[in-house]
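Note sheet for the following structure.
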Amino acid sequence: MAMLNRVHLNGLRAVETVARLGSLASAAGELNVSVSAVSQQISRTEKQLGQALFERTTSGLVLTEFGAVFAARLGAGFRELAQAVALADEASQCTLVVSAAPALASKWLLPRLSRHFDRHPNVLLRIDASVRLANLDRSDVDIAIRLGDGKWPGGKAELLLAQEVFPVCAPGIARKLTSIGDLAQTCAIIDERAMINWESWFAAAGVQPVTFQKGARFTDPMLCLESAIAGHGVMLGWQLLTADALADGRLVAPFGIRAQSGLGYWLVTSTTKAESRKVRDFKIWIKEEIAATMAQFGSSVAEPSGAIAVESTAAPVYVQSDIPLRQAGS
458 MAMLNRVHLN
468 GLRAVETVAR
478 LGSLASAAGE
488 LNVSVSAVSQ
498 QISRTEKQLG
508 QALFERTTSG
518 LVLTEFGAVF
528 AARLGAGFRE
538 LAQAVALADE
548 ASQCTLVVSA
558 APALASKWLL
568 PRLSRHFDRH
578 PNVLLRIDAS
588 VRLANLDRSD
598 VDIAIRLGDG
608 KWPGGKAELL
618 LAQEVFPVCA
628 PGIARKLTSI
638 GDLAQTCAII
648 DERAMINWES
658 WFAAAGVQPV
668 TFQKGARFTD
678 PMLCLESAIA
688 GHGVMLGWQL
698 LTADALADGR
708 LVAPFGIRAQ
718 SGLGYWLVTS
728 TTKAESRKVR
738 DFKIWIKEEI
748 AATMAQFGSS
758 VAEPSGAIAV
768 ESTAAPVYVQ
778 SDIPLRQAGS
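Residue numbers (the working numbering): 458 to 787.
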């Protein structure tokens with residue numbers, strides 16, 4: 458390998474291309490350089506090797522005996538290099554990069570990924586779990602799942618699910634809640650960075666807000682969820698965060714009303730990149746998973762044990778694309 462350091466790669470490419478195509482002009486066209494540049498690269502390579510590779514004739518360059526053997530080896534070597542580069546391209550083509558917030562990735566997306574693997578075994582999923590907004594035009598992210606109003610510069614957004622908010626708590630706490638007023642005897646588990654608030658749910662329920670007991674405060678919705686499961690109080694949850702815990706009984710939605718938050722989960726792709734087959738397949742898959750989750754979610758919260766049916770006297774707040782809202786991470 459050390460001997461390669463004395464020979465320039467561009468010169469070797471010029472030799473291989475001229476030998477394969479048979480002329481300086483054809484080689485110049487493939488390499489996208491001038492004829493004189495190809496000629497100079499060949500001369501430089503011959504000097505570096507100390508061997509003539511071509512004979513200069515009136516009809517053009519003709520390989521010497523050594524040049525023919527040398528060019529054959531070069532051809533095999535460059536074919537190997539081309540195949541190595543193709544491997545990288547193939548890996549990139551078969552890798553789907555999905556950007557999603559950690560809470561969504563951990564609590565909802567991850568448990569369902571095996572079904573995507575089964576359906577598309579040749580596609581490697583890479584999850585970019587981050588609250589940052591990935592630049593879809595300049596990064597390797599193929600598709601983002603974002604929470605917000607659907608308006609992001611440089612992104613084409615498609616609504617996946619409107620976010621509904623509702624109280625959830627451990628079954629032991631739910632058994633003590635005979636009315637909404639009983640919430641005043643419980644602790645509220647608060648996500649300090651949340652874009653949702655209890656006032657919207659009380660408004661949808663048509664009742665005055667209650668004052669909770671002081672409870673735990675976090676800066677991460679996953680910690681709020683685990684705190685609720687542990688029985689520390691009541692949290693304001695939403696479908697995709699709480700669906701599995703509601704389905705297996707770790708959480709209960711003790712009241713029969715859900716409020717639209719004005720936000721939604723959106724599938725976001727670049728406006729400048731063509732949509733690939735792997736992205737289209739992912740969209741189909743995740744919509745099916747959302748539908749299955751919502752069917753399960755509906756059966757979990759439609760008639761929870763000890764639920765208190767509440768008629769809403771306030772109009773729900775629906776997602777409006779022209780309402781400026783602070784965005785959550787992709």
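Beta carbons are placed, not taken as given, at the ideal position from N, Cα and C, and that holds for glycine.
Residue burial is scored here from C-beta neighbours: G507 has fewer than 16 other C-beta atoms within 10 angstroms and is therefore classed as exposed. Secondary structure in the segment 671-726: the alpha helix (DSSP H) runs of 4 residues or longer, each lying completely within the stretch, are 678-686 and 696-704 in chain order. Note on geometry: alpha-carbon atoms of A541 and S657 lie some 57 Å from one another. Just so you know, the alpha carbons of R583 and V555 end up roughly 6 Å apart. Fewer than three Cβ pairs drawn from the segment 610-622 and the segment 673-687 lie within less than 8 Å of each other, which leaves the two stretches out of contact. The C-beta of Q498 has 16 or more other C-beta atoms within 10 Å across all chains shown, which makes the residue buried. Remark: C-beta atoms of P578 and P711 do not approach each other more closely than 8 Å. DSSP places R501 inside the alpha helix (DSSP H), whose first and last residues are V492 to L506. Cβ neighbours of E473 within its own chain (closer than 7 Å, five residues either side excluded): A528, L531, G532 and F535.
In the displayed model, E621 falls within a strand according to three-state DSSP. By the Cβ-count criterion, S493 is exposed, with fewer than 16 other Cβ atoms from all chains shown falling within 10 Å of its own Cβ. With contacts defined as CB atoms closer than 8 Å, A557 and I602 qualify as a contacting pair. Note that the C-beta distance between E621 and Q670 is not below 8 Å. Your pair W742 and H573 checks out as a contact, with CB atoms roughly 5 Å apart and the cut at 8 Å. Judged by DSSP secondary structure, T552 falls within the beta strand (DSSP E) whose first and last residues are T552 to A557. In this structure P568 is exposed. Its beta-carbon is surrounded by fewer than 16 other beta-carbon atoms within 10 angstroms.
The C-beta distance from V580 to L561 rounds to 20 Å, too long to fall under 8 Å, and the pair is not in contact. Cβ neighbours of V664 within its own chain (closer than 7 Å, five residues either side excluded): I637. Per DSSP, reduced to three states, the secondary structure at G607 is coil, with no helix or strand assignment.
With 16 or more other CB atoms across the displayed protein chains lying within 10 angstroms of its CB, F754 is buried. Around G468, the same chain offers Q498, I499, R501, T502 and Q505 as residues with beta carbons nearer than 8 Å, after the five sequence neighbours per side are excluded.
Relative to V709, the option among K730, Q717, V725 and A687 whose CA is nearest is A687.
With a cutoff of 8 Å on beta-carbon distance, A700 and H689 are scored as not near each other. CA-to-CA, the gap between K608 and T729 works out to about 16 Å.
For R707, the closest of A660, K740, G629 and P666 by C-alpha to C-alpha distance is G629.
A residue is called buried once 16 or more other Cβ atoms fall within 10 Å of its Cβ, and A749, having fewer, is exposed. Residue pairing by DSSP places T514 opposite G517 in a beta bridge. In this structure, the beta-carbon distance from I653 to S563 does not fall below 8 Å. Rounded to whole angstroms, the separation of the alpha carbons of M751 and D705 is 14 Å. Non-local C-beta neighbours of I646 in its own chain, meaning closer than 7 Å and more than five positions away in sequence, comprise G672, A673, C681, S684, A685, H689, G690, V691 and M692, ordered along the chain.
Of D594, D648 and V588, the smallest CA-CA separation from L604 is found for V588. A check of alpha carbon separations from P666 across F675, A641, E522 and A731 identifies A641 as the nearest. Using a Cβ distance threshold of 8 Å, T521 and A539 do not count as a contacting pair. Annotated three-state conformation of G479 is coil, per DSSP. Going by DSSP, I630 is part of the alpha helix (DSSP H) stretching over P628 to A631. As the crow flies, the alpha-carbon of D597 is around 16 Å from that of R737.
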